[in-house]
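**Q**
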Amino acid sequence: MKIATWNVNSIKARLPRVLEWLGAESPEVVCLQETKSIDDNFPRLEIEALGYNLAIHGQKTYNGVAILSKYPLEDVRPGLPGDGSDEQARYLEAWIDAGDEGVRVASIYLPNGNPTDAPKFSYKLAWMDRLVAHAAAALQAEEPLVLAGDYNIIPADGDCYDAAAWEGDALTRPESRSRFRTLLNLGFTEAWRTLHREIHSYTFWDYQAGAWQKDNGVRIDHLLLSPQAADRLLACEIDKKPRGKSKASDHTPIWVELGAPGEPLVSVDKGSIAA
DNA sequence: ATGCCCACGACACGTGGA
């Protein structure tokens, strides 16, 4: 089962790019962020026509998350618990009903947090504290769980093109990174870094100053796997193709491939073992 | 050193993004 995450920067502006990518790659599950659409205006029909079920959690103009799935969606839960006064649509989770290959998936749009001398930064940190608490509780279920989305966190200096340029930014501040590590240390596996050793691989390139052409990017879109999901991890790749198209989002998709429970992670050549 | 570009809402430019 392929599970992707993509910050589309407006589902309305990006619909042709999204439909083209879904048609070409056919991921079973897709988490979208920054849909920037109220639920009544979400282009459901076009996406359903490609064989997807939808769960959406939107608001006017800003934020907005969605989960697309070729399997039925069950137990859909919009909103990150922990603050009933938070009206920003940044979290949505659902159970993907794929029988023995079922998995719980969350679509996450973590606050940017800039500028760091303003309430936006404290909101980011408080939101991360709530995410840590919710993730810790979710682990108690001992289910396969994938927390996928735009974390607005550059985990390490090698995950951006110029660490000096990003020093002091909300995406690299120690307060942000330490909370991301706390999340990982609960027992989550960061899929891409687990399977790739190379640095300077990115999921976001700014629209400005020719960042895409110069490969001035940052790696801020992540998939975090519970132990039961990590045991099934077969692959994780960044698909840079959509970022190079016209009318592109500034983010590009990243995906994991999960096998069935108990499926071998690598094929074994029994003949050579016998020899 | 600062802004570059893009999307939104709803018409002009302010807000937000990262």
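First residue of the first sequence? That's 2 in my numbering, and the numbers climb one at a time after it.
Idealized CB from N, CA, C, for every residue including glycine.
Remember, it's a predicted structure, so these values are computed and weren't measured experimentally.
Give every residue of the same chain whose Cβ lies closer than 6 Å to the Cβ of Val77, excluding the five residues on either side of it in the sequence, and list them in chain order.
**A** Locating residue 77 in the first sequence gives position 76, counting from the first residue. These residues qualify, in order along the chain: Ala56 and Ala95.
**Q** Specify, as a first and last residue, the run of the alpha helix (DSSP H) that Leu81 falls within.
**A** Taking the first residue of the first sequence as position 1, residue 81 is located at position 80. Note, Leu81: premise wrong, no alpha helix (DSSP H); not H, not E.
**Q** For the candidate residues Leu235, Gln60, Lys13 and Arg18, whose alpha-carbon lies nearest to that of Glu264?
**A** Within the first sequence, numbered from 1, the residue matching residue 264 stands at position 263. The shortest Cα separation from Glu264 among Leu235, Gln60, Lys13 and Arg18 belongs to Leu235.
**Q** For Lys242, which of helix, strand or coil comes out of DSSP?
**A** Looking up residue 242 in the first sequence gives position 241. Reduced to three states, the DSSP call for Lys242 is helix.
**Q** Which same chain residues, not among the five before or five after Tyr53, have their C-beta less than 8 Å away from its C-beta?
**A** Counted from its first residue, the first sequence places residue 53 at position 52. The residues are Leu23, Val31, Leu69, Ser70 and Lys71.
**Q** How long is the line joining the alpha carbons of Asp207 and Lys215, rounded to whole angstroms?
**A** Translated into the one-based positions of the first sequence, residue 207 becomes position 206. Translated into the one-based positions of the first sequence, residue 215 becomes position 214. C-alpha separation (whole angstroms): 11 Å.
**Q** Less than 8 Å between the CB atoms is what I'm expecting for Asp222 and Asp118, so what's the real figure, rounded?
**A** The sequence position of residue 222 within the first sequence is 221, counting from 1. The sequence position of residue 118 within the first sequence is 117, counting from 1. Not confirmed; about 26 Å, so no contact.
**Q** Taking one C-beta from the stretch 233–252 and one from the stretch 152–171 each time, how about it: are there three or more such pairs within less than 8 Å?
**A** No, they do not touch.
**Q** Are Leu184 and Ala136 touching if we call contact CB-CB under 8 Å?
**A** Against the first sequence, residue 184 aligns to sequence position 183. Against the first sequence, residue 136 aligns to sequence position 135. Against a cut-off of 8 Å, the Cβ pair of Ala136 and Leu184 comes out as a contact.
**Q** Examine the ligand MN and report whether any of its heavy atoms sits within less than 7 Å of the Cβ of Ala249.
**A** Among the components modelled here there is no ligand, and therefore nothing to report on the ligand MN.
**Q** Hey, how far is the Cα of Asn8 from the Cα of Val147?
**A** Translated into positions along the first sequence, residue 8 becomes position 7. Translated into positions along the first sequence, residue 147 becomes position 146. Distance between the alpha carbons of Asn8 and Val147 is about 16 Å.
**Q** Please report how far the alpha carbon of Leu20 lies from the alpha carbon of Glu238, in whole angstroms.
**A** The residue you call residue 20 lines up with position 19 of the first sequence. The residue you call residue 238 lines up with position 237 of the first sequence. Cα to Cα, Leu20 sits roughly 20 Å from Glu238.
**Q** Would you mind reading off the limits of the beta strand (DSSP E) that contains Ala67?
**A** The residue you call residue 67 lines up with position 66 of the first sequence. Counting along the chain, the beta strand (DSSP E) containing Ala67 begins and ends at Val66 to Ser70.
**Q** Could you have a look at Thr190 and say whether DSSP puts it in helix, strand or coil?
**A** For the purposes of this step, residue 190 is taken as residue 189 along the first sequence, with counting starting at 1. In this structure, Thr190 counts as strand in the three-state DSSP scheme.
**Q** Please name the residue, chosen from Asp41, Pro120 and Asp40, that lies closest to Ala171 on a Cα-to-Cα basis.
**A** Position 170 of the first sequence, counted from the start, is the residue given in the question as residue 171. When only C-alpha atoms are compared, the closest one is Pro120.
**Q** Taking the continuous alpha helix (DSSP H) assigned at Tyr124, which residues delimit it?
**A** Stepping through the first sequence from its first residue, residue 124 is reached at position 123. Tyr124 -> alpha helix (DSSP H) spans Pro120 to Leu140.
**Q** Please tell me whether Pro254 and Thr6 are closer than 8 Å, where the distance is taken between their beta carbons.
**A** Start at 1 with the first residue of the first sequence, and residue 254 comes out as number 253. Start at 1 with the first residue of the first sequence, and residue 6 comes out as number 5. Cβ distance < 8 Å, so Pro254 and Thr6 count as in contact.
**Q** Throw me the rounded Cβ distance for the Pro112 and Lys125 pair, which I believe falls under 8 Å.
**A** Here residue 112 corresponds to residue number 111 of the first sequence, with the count starting at 1. Here residue 125 corresponds to residue number 124 of the first sequence, with the count starting at 1. With a Cβ gap of about 4 Å, Pro112 and Lys125 count as contacting.
**Q** Count the other C-beta atoms from every protein chain shown that fall within 10 angstroms of the C-beta of His201, then say buried if there are 16 or more, exposed otherwise.
**A** For this step, residue 201 is matched to residue 200 along the first sequence. So His201 ends up on the exposed side.
**Q** Who does Leu259 pair with in a DSSP beta bridge?
**A** Translated into positions along the first sequence, residue 259 becomes position 258. Paired residues: Leu234.
**Q** Mind checking Gln34: buried by the 16 CB within 10 Å criterion, or exposed?
**A** The count along the first sequence starts at 1 and reaches residue 34 at position 33. Per the 10 Å Cβ criterion, buried.
**Q** Output the boundary residues of the alpha helix (DSSP H) element that contains Leu146.
**A** Taking the first residue of the first sequence as position 1, residue 146 is located at position 145. Segment Leu146 to Asp151 is the beta strand (DSSP E) holding Leu146; no alpha helix (DSSP H) there.
**Q** Leu226 and Phe189 - do their beta-carbons sit closer together than 8 Å?
**A** The residue given as residue 189 occupies position 188 in the first sequence. The residue given as residue 226 occupies position 225 in the first sequence. Yes. Within cutoff.
**Q** Closest by CA to Ala249, which one among Lys3, Asn10 and Met2?
**A** Position 248 of the first sequence holds residue 249. When only C-alpha atoms are compared, the closest one is Asn10.
**Q** For Ile39, which residues of its own chain have a beta-carbon under 7 Å away from its beta-carbon, when the five flanking residues on both sides are left out?
**A** For the purposes of this step, residue 39 is taken as the residue at position 38 of the first sequence. Cβ within range, chain order: Gly59, Gln60 and Lys61.
**Q** Would you list the one or two residues that DSSP bridges to Asn8?
**A** As a first step, residue 8 must be located in the first sequence, where it is residue number 7. Asn8 pairs with Gln34.
**Q** Which of the three DSSP states, helix, strand or coil, is assigned to Leu74?
**A** In the first sequence, residue 74 corresponds to position 73, counting from 1. Looking at Leu74 - three-state DSSP - the assignment turns out to be strand.
**Q** Do Val220 and Thr195 have their C-beta atoms within less than 8 Å of each other?
**A** Taking the first sequence and counting its residues from 1, one reaches residue 220 at position 219. Taking the first sequence and counting its residues from 1, one reaches residue 195 at position 194. In the sequence on display, residue 220 carries Arg and not Val. Going by C-beta atoms, Arg220 is not nearer than 8 Å to Thr195.
**Q** So Trp256 and Ile48 are supposed to be a Cβ contact under 8 Å. How far apart are they, rounded?
**A** For the purposes of this step, residue 256 is taken as the residue at position 255 of the first sequence. For the purposes of this step, residue 48 is taken as the residue at position 47 of the first sequence. Actually they do not touch by this definition, with Cβ atoms about 17 Å apart.
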